[in-house]
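The sequence shown begins at 17 in our numbering and counts up one residue at a time. Below is one structure, written out as structure tokens, with a few remarks after it.
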Amino acid sequence: MISSLHGTVLRTAADQIVLGVGGVGFAVAVPGDVAHTATVGTEMLLHTSLIVREDSLSLYGFAEPDELEIFGLLISVTGVGPKSALGVLSHLTVDQIAGAVASE
């Protein structure tokens, strides 16, 4: 499993960055705030989750370990996939999600 990546930002998009690590460019899906703050040429550390499907390997990255933890909890809910979980984390903070869960 790839649990984190530390490297140079090679490219950014609205919901993805390419992180150069040891001569390899890793495409990583990230929440919007991470994508918007990433600057090409700067160093970045991402806490990652590798999702293995029958037809693909997908990396999801987060700036903070607690975001990664919430991502794992969200995708464990029946009917919530990684893209939906990433969408939630793009619009709500970890504290907002915890508050929503606490208030049901």
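Positions of the beta carbon are idealized from the N, C-alpha and C atoms, including for glycine.
1. What number of angstroms, rounded off, separates the C-alpha of Gly39 from the C-alpha of Arg27?
2. Would you mind sorting Gly77 into buried or exposed? The rule is 16 or more other CB atoms within 10 Å of its CB.
3. Going by the CB atoms, is the gap between Val50 and Val34 shorter than 9 Å?
4. Which of the three DSSP states, helix, strand or coil, is assigned to Ser65?
5. Considering only their Cβ atoms, is the gap separating Thr58 from Val25 smaller than 9 Å?
Walking through what the data contain:
1. 14 Å
2. buried
3. no
4. strand
5. yes
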